[in-house]
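Before any comments, here is the structure.
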């Protein structure tokens, strides 16, 4: 029996969802529940910390400023990590039946992310690191006596691990979607848009591909700046360009936080139709919308720099236009289409479907607050007030987190074959909506008053806002508590039914529907029927491409010319730029040789080794780009030359590794890798 | 000095409240309609018709609002002729202004920088209304032009997280009556 042919369990889904809803298989359920469960645990813990901070601001409890900022830092990183982790699992759950992914890589993602979260926990609570999740350089190196150097290193290492974990996920998604749908333009639906493909990929595949590309770009930028800062903990002579570093930090942080919601959109495209009984199909408008989002997700960060007046004005103007532009695909495609899907559908209201629907509202309302803040004249009056906290909590908490709860409930309810009582659902949704919007609404009001964000001690006479906010937060927490109780009850039912799944069966005589049991063993072996995953070509294949690579190698050789090496000694920035040239030469050479069919055959299919290389080699190269390491070598010309060759060697390994990742992913990883040392040179001087 | 709502902020807050209420109402109506039965064809027919207009509306609003906003950018332009330059320096955890007072009606150019980490120069008028903010960055000078009409003591607060005493890092700037 083909998995795709299996009917869906009607007990918790819309009866019409039969036919386009395959039963959840063991691997999808396990990974979905592992990631979402861990994410929810992390989010719940961070939520408690958030409540403690709000009560401190309300002067109900007396957390010291030192502890307040440690907790603030942990809360920020922990929440984003938890949300990303859970959403990655949720996307895996919906994507895997369409595009088989590698469970092994997903586990690598899990452990890297978990290790990163643990490192941040140690850095903040044990080490006392409290430079906030934005850690705007050079603040981490001005601790005001609050944290030791080791905590800086551990914090940066934690961020690096989380970013790398997400990167591994994105590589797998990109590799599989582009292989399955005939390249990047196929997976993004552009060939369908241009009329070259009769059929488009499903909406969640397009969403996943966009998230993967933007996630890889964000991870590359994040790896660069965090690696640079990690080196700075070892060598305090390294200078930091505050403006460039701020651009990079926000690019990384904003994009990672933002991508969680776009991951959620992919999940919603698949799961909400199951309750509406109407499949959601790709349209040309959807493809065009996501093409816009591909750009807007990565340009969105720049509105964090509106009040950095030295940022070029043209960049500010483009930033404002694209920040507004980001609204269009979200409002016109995702949110609007989902409400269309629901309209007149006899929507099946369950705990999961209610929360999915409520989460749409969180994105819409939070998005309006964000768009208002993204207009520069308004931002002048709202920048870094708690208005900002209000709008991102509205869509992160009342959309992303609510969707995560919805996803978890979806899996459990399907296993249990039942939903919670109507009264319980009403209490859960009611408490989350009233508590949540009251909680964030207080911040909107306080932001309009001009209360700055990240204040352990509130301005005189304003702690009442925090008290009201904390009271609503308690209602919200109560809603989560009722949710957990209901999930516990559903999970017990699911456990009792763990050996079989309920599926819809249509009686041949009467035409009536009833639940039939199918042993899990009949479904789960299908996981093993993973289609072969042929490598999708090599990054270079045509004579023109090889010719270009040879020319690029020749250009890269210039970085070794003694006059250029000497000229680059004028500053750390130029010196690093020269090292970037060595790396570029090596990477180009590696890509060229690894793409030669004869050598490629000898190297064999080693995607995991290739991935490890493209992740580690650029990071290792940048970690060595610390004056305290390379300056002692410069006295001896031989050692100096060896160091430059080592830079090229890291590049060579990167280029070779990229060829093991196929045409699209290999090229993407290669381009990002050669960009990283350049960004490094720009930010650290 | 207690904080008070400024007129622009009240307008912004009210606009948001109205839009949020409209959206919430729309979600409630759609949720109520979700329980009814309508053919998919009919939903598509009407839904896509509305969607085209929804897209057009958002594009028009965007072009008008974003376009107008470009005429009210806070970024300083031109030279310092006719302006009094006030050097603003932020540091953990202080503000230093030179000069620290000007007569009412002076066209001021705040030249804002930092000696250590990123700070935010947030300025409140004597009535506790937030006028606006600009970042103070090490190695860079952000220039903000303002004409301060009202005499009194203006309060400065830090608007970028800068460490342990961020929330108590404040300063003052005085505008005297008459020249």
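Chains as they are written, first to last, in the numbering used here: chain A, 70 to 754; chain B, 33 to 211.
C-beta atoms are modelled at their ideal positions from N, C-alpha and C, and glycine is treated no differently.
For residue 169 of chain B, go through chain A and note every residue whose CB falls closer than 7 Å to its CB, in chain order.
Proximity of chain A to residue 169 of chain B at the Cβ level (cut-off 7 Å) is accounted for by 311, 312, 377, in chain order.
Using 8 Å for Cβ pairs, my map puts residue 621 of chain A next to residue 721 of chain A. What's the rounded Cβ distance?
Actually they do not touch by this definition, with Cβ atoms about 14 Å apart.
Residue 202 of chain A, enclosing alpha helix (DSSP H) - first and last residue
Counting along the chain, residue 202 of chain A falls outside any alpha helix (DSSP H), and DSSP gives it neither H nor E.
Whole-Å CB distance - residue 242 of chain A paired with residue 189 of chain A, under 8 Å assumed
About 25 Å; that fails the 8 Å criterion.
Tell me which residue opens and which closes the alpha helix (DSSP H) that residue 754 of chain A is part of.
Where residue 754 of chain A is concerned, there is no enclosing alpha helix (DSSP H), given that its DSSP letter is neither H nor E.
Would you report the Cα separation of residue 695 of chain A and residue 303 of chain A, rounded to the nearest angstrom?
So the alpha carbons of these two residues sit roughly 8 Å apart.
Pull up the DSSP beta-bridge partners for residue 176 of chain B, would you.
For residue 176 of chain B, which the question treats as bridged, DSSP gives the partners B:107, B:142.
Comparing C-alpha positions only, which one of A:737, A:555, A:733, A:521 sits nearest to residue 201 of chain B?
Relative to the Cα of residue 201 of chain B, the nearest Cα in the group A:737, A:555, A:733, A:521 belongs to A:521.
Residue burial classification, residue 101 of chain A (beta-carbon count within 10 angstroms, cutoff 16):
Buried, by the Cβ-count rule.
Ordered along the chain, which non-local residues of its own chain (more than five positions away) have a Cβ less than 6 Å from that of residue 555 of chain A?
Cβ neighbours of residue 555 of chain A beyond the five flanking positions: 489, 493.
Determine the DSSP secondary structure at residue 40 of chain B, reduced to helix, strand or coil.
Reduced to three states, the DSSP call for residue 40 of chain B is helix.
Is it buried or exposed for residue 402 of chain A, if we count other Cβ within 10 angstroms and need 16 for buried?
Buried, by the Cβ-count rule.
Since residue 258 of chain A and residue 270 of chain A should fall inside the 8 Å C-beta cutoff, what is the C-beta to C-beta distance between them, to a whole number of angstroms?
Correct: roughly 6 Å between the Cβ atoms.
Could you please give the first and the last residue of the uninterrupted alpha helix (DSSP H) stretch that includes residue 227 of chain A?
Unbroken alpha helix (DSSP H) run through residue 227 of chain A: 218-249.
Chain-order list of residues whose beta-carbon lies under 6 Å from that of residue 507 of chain A (same chain, five-residue window excluded):
The beta carbon of residue 507 of chain A lies closer than 6 Å to those of 541 in the same chain, with the five residues before and after it left out.
What did DSSP end up calling residue 204 of chain B once you bin it into helix, strand or coil?
Shown here, residue 204 of chain B sits in a strand according to DSSP, grouped into three states.
Could you tell me whether any Cβ in chain B is nearer than 8 Å to the Cβ of residue 389 of chain A?
Answer yes: the Cβ-Cβ gap between residue 389 of chain A and chain B drops below 8 Å somewhere.
Rounded to whole angstroms, what is the Cα-Cα separation between residue 234 of chain A and residue 208 of chain B?
Their backbone Cα atoms lie some 58 Å apart in a straight line.
Give the secondary structure of residue 727 of chain A by DSSP, where H, G and I count as helix, E and B as strand, and everything else as coil.
If DSSP states are grouped into helix, strand and coil, residue 727 of chain A belongs with the helices.
Residue 568 of chain A in three-state terms, based on DSSP
Reduced to three states, the DSSP call for residue 568 of chain A is coil.
Expressed to the nearest angstrom, what Euclidean distance is found between the alpha-carbon atoms of residue 738 of chain A and residue 232 of chain A?
Looking at the two C-alpha atoms, the distance is approximately 14 Å.
In whole angstroms, what is the alpha-carbon distance linking residue 96 of chain B and residue 396 of chain A?
Going from the Cα of residue 96 of chain B to the Cα of residue 396 of chain A covers about 15 Å.
Which residues in the same chain as residue 388 of chain A place their Cβ atom closer than 6 Å to its Cβ, once the five residues preceding and following it in sequence are excluded?
The residues are 371, 372.
Compare the beta carbon distance of residue 727 of chain A and residue 608 of chain A with 8 Å and say whether it is the shorter of the two.
Their beta carbons are under 8 Å apart, which means residue 727 of chain A touches residue 608 of chain A by this criterion.
According to DSSP, is residue 154 of chain B part of a helix, a strand, or is it coil?
In the three-state scheme derived from DSSP, where H, G and I count as helix and E and B as strand, residue 154 of chain B is classed as strand.
Among A:415, A:346, A:440, A:197, which one has its Cα closest to the Cα of residue 457 of chain A?
Residue 457 of chain A has its Cα closest to that of A:440, out of A:415, A:346, A:440, A:197.
Find the residues of chain B that neighbour residue 201 of chain A, judging by a C-beta separation of less than 8 Å, and give them in chain order.
193, listed in chain order.
So residue 144 of chain A packs on residue 118 of chain A, CB below 8 Å; how close in whole Å?
For a cut-off of 8 Å, the C-beta gap from residue 144 of chain A to residue 118 of chain A is around 5 Å, short enough to register as a contact.
Quick one: does residue 159 of chain B have its CB under 8 Å from some CB of chain A?
At a cut-off of 8 Å between C-beta atoms, residue 159 of chain B does not count as an interface residue with respect to chain A.
CB contact check: residue 218 of chain A to chain B, cutoff 8 Å
Under the 8 Å criterion on CB atoms, residue 218 of chain A is classed as non-interfacial with respect to chain B.
I believe residue 186 of chain A touches residue 473 of chain A by the beta-carbon criterion, under 8 Å. Please report the beta-carbon distance rounded to the nearest angstrom.
The C-beta distance from residue 186 of chain A to residue 473 of chain A rounds to 16 Å, too long to fall under 8 Å, and the pair is not in contact.
When DSSP labels each residue in this structure, what does residue 268 of chain A get in the three-state scheme?
DSSP places residue 268 of chain A in coil when its eight states are reduced to three.
Within 7 Å of chain B by C-beta, residues of the segment 397-416 of chain A in sequence order
Taking 7 Å as the Cβ-Cβ cut-off, the segment 397-416 of chain A approaches chain B at 397, 400, 401, 405, 408, 409, 411, 412, 413, 414, 415, 416, given in chain order.
Return the residue from the list B:185, B:106, B:136, B:179 that minimises the CA-CA distance to residue 159 of chain B.
Checked all of B:185, B:106, B:136, B:179; the closest Cα to residue 159 of chain B is B:185.
Backbone CA spacing between residue 481 of chain A and residue 418 of chain A [nearest angstrom]
Their backbone Cα atoms lie some 15 Å apart in a straight line.
Measuring alpha carbon to alpha carbon, tell me which of B:205, B:204, B:196 ends up nearest residue 132 of chain A.
The option with the nearest alpha carbon to residue 132 of chain A is B:196.
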